[in-house]
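Chemist: Just so you know, the working numbering puts 158 at position 157 of the sequence shown, and the rest follows in order with no gaps. Here it is, the structure, as structure tokens.
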Amino acid sequence: MKHKTYSLLVISSFPHKNETHGQATVGVASYTKNVLASLLSYANKHRKHVKINVFAEQLDNSPRAYVDHGITVQRLWKRNNIIPFLKLIRKCMLTPADTTLISFEFAMFGDPWTLIPFLLLLATLRISKRRVVVALHQVVEDITQLSGHLDLSGRSVWSDATSVALALFYQILVRLTTKVVVFEDSLKSYLVKLTNHENVDVIPHGVENVPSVSQQTARKRLHLTKRFTILCFGYIAWYKGTDWVVNYIHQYAKRLHTPIRLIIAGGPNPNRVGLSFYRRYLHHIKQQALQSEDSVVVTGYVPEKDIKTYFSVSDVVVFPYRIMMSASGPLALTQAYGKPYLLSTALAPTLEAADATRQMENLALSERQLTFTLNETDLIHQIKLLQTNRKLRTRLAKFSRNIGLSRRLTNINSIWWDELMEEDYL
């Protein structure tokens with residue numbers, strides 16, 4: 002009996018060939034590649050057949066077409082360039098597919114004006130009666146929450162109008178798609194309330210299977226002395242609170258009885274490095290680190306082969322986010338490595354997920370033990386507690402590891418398969 006071959010067309014940023022976490026792309030690219038590779042593995046295991054075509058952005062030093070681990074990649078569009086984008090729309094119409102998956106984040110196609118041709122793409126697919134699933138990587142309710150990220154002075158007529166336009170964008174997007182996938186329940190609740198549509202699903206952010214090294218080996222590789230080490234991982238960004246935690250540790254490190262080290266393991270976001278205010282922001286962080294008397298280290302971009310070393314050297318990973326607008330890729334990596342972590346209260350809604358609440362109950366952990374406020378003393382209080390309470394550190398590590406196991410890509414690929422390709426959904 003001949004099995005059906007499913008066809009999946011994917012429009013997304015995508016890393017260079019044989020890379021997952023690359024310097025030229027941001028989290029949406031690595032996430033998409035991990036999901037697609039997991040889908041292929043699921044198909045092979047269950048004797049299903051799927052053909053995956055990815056239409057990605059053009060990258061320097063990358064061929065325009067190739068096959069990467071069974072995934073056909075064509076690099077068709079360029080950021081901030083309308084002509085290749087129109088060609089992308091035409092190419093989509095000429096490419097048969099059971100489902101089109103668009104893995105979307107706001108700066109993926111370029112500046113804000115590119116949202117207009119993006120909606121044109123969705124409308125064209127809708128008119129053609131294509132089945133379209135959008136994996137929405139960012140959901141922002143109020144643009145003023147991103148003031149420092151967008152170089153805004155605060156609330157204004159312009160920011161209020163932009164927030165209204167953003168809400169309208171979400172309403173149009175939801176209505177033009179078959180399904181919208183987000184990665185946190187709170188983001189789904191907002192979209193359903195805003196749009197009055199129920200075609201929004203939640204799929205947990207997948208956690209990849211990763212290699213690791215011992216902390217002792219990691220210290221030797223990085224030439225670091227033994228010291229309680231705090232890690233912030235990922236591209237530097239205002240909304241992630243990178244500047245806040247650098248300034249905070251710079252000010253308060255001396256109040257601890259034992260020396261600590263904060264590692265900012267990440268470099269500039271390639272989609273924002275052309276912005277002058279963002280370059281000033283990066284310069285400020287580097288200057289603060291230089292003045293910190295070795296309590297703050299800024300590494301710049303971390304090559305993929307070294308990611309395991311930076312996670313292994315850390316004692317705790319912190320997430321000083323000012324706003325939650327998406328699931329955190331660095332948090333998924335933290336769970337993959339089973340490292341203890343602390344969340345700002347902005348990310349506290351992530352603890353409301355069913356697997357998180359179950360693990361908190363099983364390990365007798367409270368939200369207070371997993372979070373901190375962005376005020377003068379709270380993070381230092383939590384760090385002191387972890388330094389002196391090894392049992393608490395162990396429980397936090399187990400919490401992280403168990404969440405990572407429950408969200409392992411191999412455990413959620415069947416959800417993605419059903420969402421994208423099962424006949425009941427087509």
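Beta carbons: idealized from backbone N, C-alpha and C, even for Gly.
Glutamate 58 bridges to which residues according to DSSP?
Modeler: BP columns for glutamate 58 point to Trp78.
Chemist: Can you give me the C-alpha to C-alpha distance between threonine 101 and leucine 10, rounded to a whole angstrom?
Modeler: Taking the straight line from one Cα to the other gives about 5 Å.
Chemist: On the DSSP bridge assignment, give the partners of arginine 1 in chain order.
Modeler: In the structure displayed, the chain extends from 2 to 427; residue 1 sits before or after that span and is not available.
Chemist: Using the rule of at least 16 other Cβ atoms within 10 Å of the residue's Cβ for burial, across every protein chain shown, is histidine 22 buried or exposed?
Modeler: Flag for histidine 22 reads buried.
Chemist: Using only alpha-carbon positions, find the residue among Thr374, Trp78 and Arg228 that is nearest to glutamine 388.
Modeler: Checking every option, the nearest Cα to that of glutamine 388 belongs to Arg228.
Chemist: Rounded to whole angstroms, what is the Cα-Cα separation between aspartate 186 and valine 165?
Modeler: Using only the alpha carbons, I get a separation of about 22 Å.
Chemist: For the ligand ZN, is there any heavy atom lying closer than 7 Å to the beta carbon of isoleucine 250?
Modeler: With respect to small molecules bound, the structure shown includes none, and the ligand ZN cannot be examined in it.
Chemist: Looking only at DSSP bridge pairs, what is valine 299 linked to?
Modeler: Beta-bridge pairing links valine 299 to Ile265.
Chemist: May I ask you to verify whether the segment 74-83 touches the segment 45-52, counting CB pairs closer than 8 Å and requiring at least 3?
Modeler: With the cut-off at 8 Å, the segment 74-83 and the segment 45-52 do not touch.
Chemist: If you measure between the beta carbons of serine 313 and glutamine 216, is that distance less than 8 Å?
Modeler: Taking 8 Å as the Cβ cut-off, serine 313 and glutamine 216 qualify as a contacting pair.
Chemist: Just tell me which of Leu291, Pro271 and Val134 has its CA closest to the CA of tyrosine 236.
Modeler: Among Leu291, Pro271 and Val134, the Cα nearest to that of tyrosine 236 belongs to Pro271.
Chemist: For alanine 349, which residues in the same chain have their Cβ closer than 7 Å to its Cβ, ignoring the five residues on either side in sequence?
Modeler: Cβ within range, chain order: Glu368 and Thr372.
Chemist: With which residues is lysine 52 paired in a DSSP beta bridge?
Modeler: In DSSP, lysine 52 forms a bridge with Ser8.
Chemist: Kindly indicate which residue of Tyr311, His251 and Tyr279 has the alpha-carbon position closest to the one of alanine 290.
Modeler: The shortest C-alpha separation from alanine 290 is found at His251.
Chemist: Give the straight-line distance between the Cα atoms of lysine 392 and histidine 382, rounded to the nearest whole angstrom.
Modeler: Distance between the alpha carbons of lysine 392 and histidine 382 is about 16 Å.
Chemist: State the start and end residues of the unbroken alpha helix (DSSP H) segment that holds serine 104.
Modeler: No alpha helix (DSSP H) contains serine 104, which is instead part of the beta strand (DSSP E) from 100-105.
Chemist: Would you kindly work out how many angstroms separate the C-alpha atoms of cysteine 93 and threonine 226, rounded to a whole number?
Modeler: Cysteine 93 and threonine 226: Cα-Cα distance of roughly 54 Å.
Chemist: Between the segment 106-123 and the segment 80-89, do at least 3 Cβ pairs fall closer than 8 Å?
Modeler: The answer is yes - the segment 80-89 touches the segment 106-123, with three or more Cβ pairs under 8 Å.
Chemist: Mapping the DSSP letters down to three states, classify phenylalanine 15 as helix, strand or coil.
Modeler: Phenylalanine 15: coil per DSSP, three-state reduction.
Chemist: With DSSP as the reference, label valine 274 as helix, strand or coil.
Modeler: Reduced to three states, the DSSP call for valine 274 is coil.
Chemist: Considering just the uninterrupted stretch of the beta strand (DSSP E) at phenylalanine 234, what are its terminal residues?
Modeler: Taken as a continuous stretch (DSSP letters only), the beta strand (DSSP E) holding phenylalanine 234 covers 229-234.
Chemist: What whole-angstrom Cβ distance do aspartate 99 and tyrosine 7 have, given they're in contact under 8 Å?
Modeler: Correct: roughly 5 Å between the Cβ atoms.
Chemist: Find out if the Cβ-Cβ distance for the pair alanine 219, threonine 310 is shorter than 8 Å.
Modeler: The answer is yes: Cβ separation under 8 Å.
Chemist: Tell me the rounded alpha-carbon separation between serine 293 and alanine 254.
Modeler: Roughly 9 Å between the two C-alpha positions.
Chemist: Tell me the rounded alpha-carbon separation between alanine 337 and valine 158.
Modeler: So the alpha carbons of these two residues sit roughly 43 Å apart.
Chemist: I'd like to check one pair, tyrosine 342 with serine 401: are the Cβ atoms closer than 8 Å?
Modeler: The answer is yes: Cβ separation under 8 Å.
Chemist: Could you check whether valine 135 and phenylalanine 105 sit closer than 8 Å to each other, using their CB atoms as the reference points?
Modeler: Yes, these two residues count as a Cβ contact at 8 Å.
Chemist: Assuming alanine 328 contacts histidine 206 (C-beta within less than 8 Å), just tell me the rounded distance between them.
Modeler: Contact flag correct, Cβ pair sits at about 4 Å.
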